[in-house]
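Report on the structure given below.
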Amino acid sequence: MAKKLTPRSQDFSQWYNQLIQEADLAEHSPVKGCMVIKPYGYAIWEQMQSTLDKMFKETGHVNAYFPLFIPKSFLSKEAQHVEGFAKECAVVTHYRLKNSPDNKGVVIDPEAKLEEELIIRPTSETIIWSTYKNWVQSYRDLPLLINQWANVVRWEMRTRIFLRTAEFLWQEGHTAHATQEEAIQETLKMLDVYFTFAEQYMALPVIKGVKTQNERFAGAVETYCIEAIMQDGKALQAGTSHFLGQNFPKAFDVKFLTKENKWEYAWATSWGVSTRLVGALIMAHSDDEGLILPPQLAPYQVVIIPIHKSEQEYQKVTQQCEAIAQELKKVNIRYKIDARKEHTPGWKYAEYELKGVPLRIAIGPRDVENNTIEIARRDTKTKQVISTDNLIHIIQNLLQDVQDSIYQKALHFRNSMTTRVDNFKDFESVLNDKGGFIEAHWDGTTETELKIKELTKATIRCIPLDSPQEEGRCVYSGKKSTQRVLFALNY
Numbered sequence: 085m086a087k088k089l090t091p092r093s094q095d096f097s098q099w100y101n102q103l104i105q106e107a108d109l110a111e112h113s114p115v116k117g118c119m120v121i122k123p124y125g126y127a128i129w130e131q132m133q134s135t136l137d138k139m140f141k142e143t144g145h146v147n148a149y150f151p152l153f154i155p156k157s158f159l160s161k162e163a164q165h166v167e168g169f170a171k172e173c174a175v176v177t178h179y180r181l182k183n184s185p186d187n188k189g190v191v192i193d194p195e196a197k198l199e200e201e202l203i204i205r206p207t208s209e210t211i212i213w214s215t216y217k218n219w220v221q222s223y224r225d226l227p228l229l230i231n232q233w234a235n236v237v238r239w240e241m242r243t244r245i246f247l248r249t250a251e252f253l254w255q256e257g258h259t260a261h262a263t264q265e266e267a268i269q270e271t272l273k274m275l276d277v278y279f280t281f282a283e284q285y286m287a288l289p290v291i292k293g294v295k296t297q298n299e300r301f302a303g304a305v306e307t308y309c310i311e312a313i314m315q316d317g318k319a320l321q322a323g324t325s326h327f328l329g330q331n332f333p334k335a336f337d338v339k340f341l342t343k344e345n346k347w348e349y350a351w352a353t354s355w356g357v358s359t360r361l362v363g364a365l366i367m368a369h370s371d372d373e374g375l376i377l378p379p380q381l382a383p384y385q386v387v388i389i390p391i392h393k394s395e396q397e398y399q400k401v402t403q404q405c406e407a408i409a410q411e412l413k414k415v416n417i418r419y420k421i422d423a424r425k426e427h428t429p430g431w432k433y434a435e436y437e438l439k440g441v442p443l444r445i446a447i448g449p450r451d452v453e454n455n456t457i458e459i460a461r462r463d464t465k466t467k468q469v470i471s472t473d474n475l476i477h478i479i480q481n482l483l484q485d486v487q488d489s490i491y492q493k494a495l496h497f498r499n500s501m502t503t504r505v506d507n508f509k510d511f512e513s514v515l516n517d518k519g520g521f522i523e524a525h526w527d528g529t530t531e532t533e534l535k536i537k538e539l540t541k542a543t544i545r546c547i548p549l550d551s552p553q554e555e556g557r558c559v560y561s562g563k564k565s566t567q568r569v570l571f572a573l574n575y
């Protein structure tokens, strides 16, 4: 049996780390700063990946793959980009090892130095736009709508599994367009895709917004984002979509011949989400007993547990379990039958509670005789005995209700953790005593933004897209402001 988790209220960080370990999601790697994603954790990522991949393809995008290694000179071509990533880059300088003189290991062969160092991709704008130069010649080649599923490396010294690791998995979309308007529409369209995924699949309420100049992606004209609040009151950036203007097309000379027979630079976007979404899922919904997974993304939506005392009962009950499983399979409900004899039903109940399986079905000999089952919800921990008549319809409705209930609980929490303040004293008080999102006026200057961060560690998470125009005074400087922004401590 897994050990009892540290309560969230006592130490949220310790609870998070223990839950990842006990639910068998991931573990630290021998490579410092990296993680090993274990099968159950990877299964959650696969559900995310397959769902997003379908959504991308429904919006006209196709998948491709580009090299892991990027020539150092490529990063130098876009000044903001190289400045933004320079401190996080892992660099390959040699291509061969040889036996050490004492034959006790291997050393770098000094004669195998690369003529030009290679950067292990921190993001792929440069290598992709160098390739697009060969793919784009005419307006007929546009729009170019491409996504890549890949790993990236950003050299992190202070890491946390799923949330911030030196290597992580993600997708990155990179598109080329004939006009500025098209590219901006693409940027906002993909922001909407992420918003839909977060709300309808992750059951995670998020706020759409635009980043300040200081918080923009390196090399972007505008960065749009979705922001969520975790149960400890800290914000988490759950996805970003960038309008890149013509910065990268100009850096890599990506031009096309227009209908009017004139040469123009293409317009660019990029957008991405990563395995940090697994971390978001854990921190937004789970409790002190383990994971709570929304049915849309749970590797198993239903676990079926046979209850028996004798071999004869075992055969009868497992046969009924298989019959129900076949019905679930017909309507594409993901299930698992746990018929292991070496563990008691109680042990299994605790195991699947820890792993966050949305619904648990228990079937004993009497249930077989009465055509009933016991069904338990993970989110509310309520149980009921129901007839097997119309069972699949009942399970489908329950799964939808679990999904909706998890979302509503998270939405209620976010609303309760969003506070409007009008002076810096209240700002600091709310931040220290409560946390969450703080809606406050800001004078629009980077100087004020950085000063607030220096004093409180809070950052402007975004300028919400639906934030109304409102006359006010900056919460710190007292200067005039026309709009409230969202501040928070963040991951």
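With the sequence shown counted from 1, adding 84 to any position gets you my numbering.
From the three backbone atoms N, C-alpha and C, an ideal C-beta is built for every residue, glycine too.
**OP:** Following the continuous beta strand (DSSP E) through Asn183, name the residue where it begins and the one where it ends.
**Re:** Reading the sequence shown from its first residue, position 99 is the one you call residue 183. Segment 181-183, the beta strand (DSSP E) holding Asn183.
Original post:
Going by DSSP, what residues sit across from Asn574 in a beta bridge?
Top reply: Taking the first residue of the sequence shown as position 1, residue 574 is located at position 490. DSSP output for Asn574 lists Ala319 as bridge partner(s).
Original post:
Cα separation between Leu549 and Glu344?
Top reply: Taking the first residue of the sequence shown as 1, we reach residue 549 at position 465. Taking the first residue of the sequence shown as 1, we reach residue 344 at position 260. Taking the straight line from one Cα to the other gives about 36 Å.
**OP:** Report yes if the C-beta distance between Gln297 and Ile310 is below 9 Å; otherwise report no.
**Re:** Counted from its first residue, the sequence shown places residue 297 at position 213. Counted from its first residue, the sequence shown places residue 310 at position 226. No. Outside cutoff.
Subject >> Asn507, buried or exposed, once every other Cβ within 10 Å from all chains shown has been counted against 16 >> reply: Counted from its first residue, the sequence shown places residue 507 at position 423. By the neighbour-count criterion, in which 16 or more other beta carbons inside 10 Å mark a residue as buried, Asn507 falls on the exposed side.
Original post:
With C-beta atoms as the reference, is Gln164 less than 9 Å away from Gly356?
Top reply: Mapped onto the sequence shown, residue 164 falls at position 80. Mapped onto the sequence shown, residue 356 falls at position 272. No, these two residues do not count as a Cβ contact at 9 Å.
Original post:
If we ignore side chains and look at the alpha-carbon of each, how far apart do Glu299 and Glu283 end up?
Top reply: Here residue 299 is taken as the residue at index 215 of the sequence shown, counted from 1. Here residue 283 is taken as the residue at index 199 of the sequence shown, counted from 1. Glu299 and Glu283: Cα-Cα distance of roughly 24 Å.
Original post:
So, is Phe153 buried or exposed, given that buried needs 16 or more other C-beta atoms within 10 angstroms?
Top reply: Your numbering for residue 153 matches position 69 in the sequence shown. Burial call: exposed.
**OP:** Taking all protein chains shown into account, decide if Gln404 is buried (16 or more other Cβ within 10 angstroms of its Cβ) or exposed.
**Re:** Position 320 of the sequence shown, counting from 1, holds the residue named residue 404. Gln404 is buried by the Cβ-count criterion.
Original post:
Among Tyr149, Ile245, Gly293, which has the Cα closest to the Cα of Ile544?
Top reply: Indexing the sequence shown from 1 puts residue 544 at position 460. Comparing Cα-Cα distances from Ile544 to each of Tyr149, Ile245, Gly293, the minimum goes to Gly293.
**OP:** Taking Asn516 as part of the alpha helix (DSSP H), name the residues at either end of that continuous run.
**Re:** Looking up residue 516 in the sequence shown gives position 432. Per DSSP, Asn516 belongs to the alpha helix (DSSP H) from 508-517.
Original post:
To the nearest angstrom, how far is it from the Cα of Ala148 to the Cα of Gln232?
Top reply: Walking along the sequence shown from the start, residue 148 turns up at place 64. Walking along the sequence shown from the start, residue 232 turns up at place 148. C-alpha separation (whole angstroms): 5 Å.
Subject >> 3-residue-minimum beta strand (DSSP E) runs that sit fully inside the region 271-297, ordered along the chain >> reply: 291-294
Original post:
By DSSP, does Thr305 sit in helix, in strand, or in coil?
Top reply: If you number the sequence shown from 1, residue 305 lands on position 221. Residue 305 is actually Val in this sequence, not Thr. Reduced to three states, the DSSP call for Val305 is coil.
**OP:** State yes or no: is the C-beta of His258 within less than 9 Å of the C-beta of Ala352?
**Re:** Taking the sequence shown and counting its residues from 1, one reaches residue 258 at position 174. Taking the sequence shown and counting its residues from 1, one reaches residue 352 at position 268. It is a contact, given that the beta carbons lie within the stated cut-off.
**OP:** Flag this pair as touching only if the region 357-375 and the region 413-425 have three or more C-beta atom pairs under 8 Å; answer yes or no.
**Re:** no
**OP:** Report buried or exposed for Glu209, applying the criterion of at least 16 other Cβ atoms within 10 angstroms of its Cβ.
**Re:** Mapped onto the sequence shown, residue 209 falls at position 125. Under this definition Glu209 is a buried residue.
Subject >> Beta-carbon proximity list for Glu167, same chain, < 7 Å, skipping 5 on both sides >> reply: Along the sequence shown, read from residue 1 onward, the residue named residue 167 stands at position 83. Here the set comprises Ala302.
Original post:
Of the choices Met241, Ala542, Asp527, Thr530, whose alpha-carbon is the least far from that of Gly520?
Top reply: Residue numbering aside, residue 520 sits at position 436 when the sequence shown is read from its first letter. Among Met241, Ala542, Asp527, Thr530, the Cα nearest to that of Gly520 is on Ala542.
**OP:** Identify which residue in Thr566, Gly562, Thr143 has its Cα closest to the Cα of Glu555.
**Re:** Position 471 of the sequence shown, counting from 1, holds the residue named residue 555. Here the closest residue by C-alpha is Thr566.
Subject >> Residue environment, Ala267, which counts as buried when at least 16 other CB atoms sit within 10 Å >> reply: Here residue 267 corresponds to residue number 183 of the sequence shown, with the count starting at 1. It is buried - the Cβ of Ala267 has at least 16 other Cβ atoms within 10 Å.
**OP:** Whole angstroms is fine: what's the gap from Glu435's alpha carbon to Thr402's?
**Re:** Numbered from its first residue, the sequence shown carries residue 435 at position 351. Numbered from its first residue, the sequence shown carries residue 402 at position 318. Looking at the two C-alpha atoms, the distance is approximately 19 Å.
**OP:** Would you mind working out which of Met241, Cys558, Ile104 sits nearest Lys509, comparing C-alpha positions?
**Re:** Taking the sequence shown and counting its residues from 1, the one referred to as residue 509 is at position 425. Taking only the C-alpha atoms, the option nearest Lys509 is Cys558.
Original post:
So, using beta-carbon positions, are Arg180 and Glu200 closer together than 9 Å?
Top reply: Along the sequence shown, read from residue 1 onward, the residue named residue 180 stands at position 96. Along the sequence shown, read from residue 1 onward, the residue named residue 200 stands at position 116. Contact flag unset, no.
Original post:
Counting Cβ pairs closer than 8 Å, one from the region 112-120 and one from the region 248-263, do we hit at least three?
Top reply: Yes, since at least three Cβ pairs between the region 112-120 and the region 248-263 fall closer than 8 Å, the two stretches touch.
Original post:
Is Ile445 near Val386, with beta carbons less than 9 Å apart?
Top reply: One-based indexing of the sequence shown puts residue 445 at position 361. One-based indexing of the sequence shown puts residue 386 at position 302. Yes.
Subject >> Which of helix, strand or coil DSSP assigns to Arg545 >> reply: For the purposes of this step, residue 545 is taken as the residue at position 461 of the sequence shown. Here Arg545 sits in strand by DSSP.
**OP:** Would you check if the region 316-334 and the region 227-243 touch, i.e. whether three or more CB-CB distances between them fall below 8 Å?
**Re:** With a cut-off of 8 Å, the region 316-334 and the region 227-243 do not count as touching, because too few Cβ pairs lie within range.
Subject >> C-alpha gap between Glu142 and Val277, whole angstroms >> reply: Numbered from its first residue, the sequence shown carries residue 142 at position 58. Numbered from its first residue, the sequence shown carries residue 277 at position 193. Straight-line Cα distance between these residues: approximately 10 Å.
Subject >> Contact under 9 Å by Cβ, Pro379 with Gln487 >> reply: Here the question's residue 379 lines up with position 295 in the sequence shown. Here the question's residue 487 lines up with position 403 in the sequence shown. Yes.
Original post:
Could you give the C-beta distance for Leu381 and Gln133, rounded to a whole number, given that I count them as a contact under 8 Å?
Top reply: Residue numbering aside, residue 381 sits at position 297 when the sequence shown is read from its first letter. Residue numbering aside, residue 133 sits at position 49 when the sequence shown is read from its first letter. About 10 Å separates the CB atoms of Leu381 and Gln133; that is not less than 8 Å, and the two are not in contact.
Original post:
Who are the near neighbours of Arg92 in its chain, counting only those whose CB is closer than 8 Å to its CB and skipping five residues on each side?
Top reply: Counted from its first residue, the sequence shown places residue 92 at position 8. Cβ neighbours of Arg92 beyond the five flanking positions: Trp99, Gln315, Asp316, Asp371, Asp372.
Original post:
For Ile245 versus Ile104, is the C-beta spacing smaller than 9 Å?
Top reply: Numbered from 1 along the sequence shown, position 161 holds the residue referred to as residue 245. Numbered from 1 along the sequence shown, position 20 holds the residue referred to as residue 104. Contact: yes.
Original post:
By Cβ distance below 8 Å, which residues in the same chain neighbour Gln484 in space, the five residues on each side in sequence not counted?
Top reply: Along the sequence shown, read from residue 1 onward, the residue named residue 484 stands at position 400. Cβ within range, chain order: Pro379.
Subject >> Nearest candidate by alpha-carbon position, reference Asn331, set Trp213, Asp193, Leu275 >> reply: Residue numbering aside, residue 331 sits at position 247 when the sequence shown is read from its first letter. Closest by alpha carbon: Trp213.
Original post:
Over what stretch of residues does the alpha helix (DSSP H) that includes Glu162 continue unbroken?
Top reply: Here residue 162 corresponds to residue number 78 of the sequence shown, with the count starting at 1. Careful: Glu162 lies outside any alpha helix (DSSP H) and carries neither H nor E.
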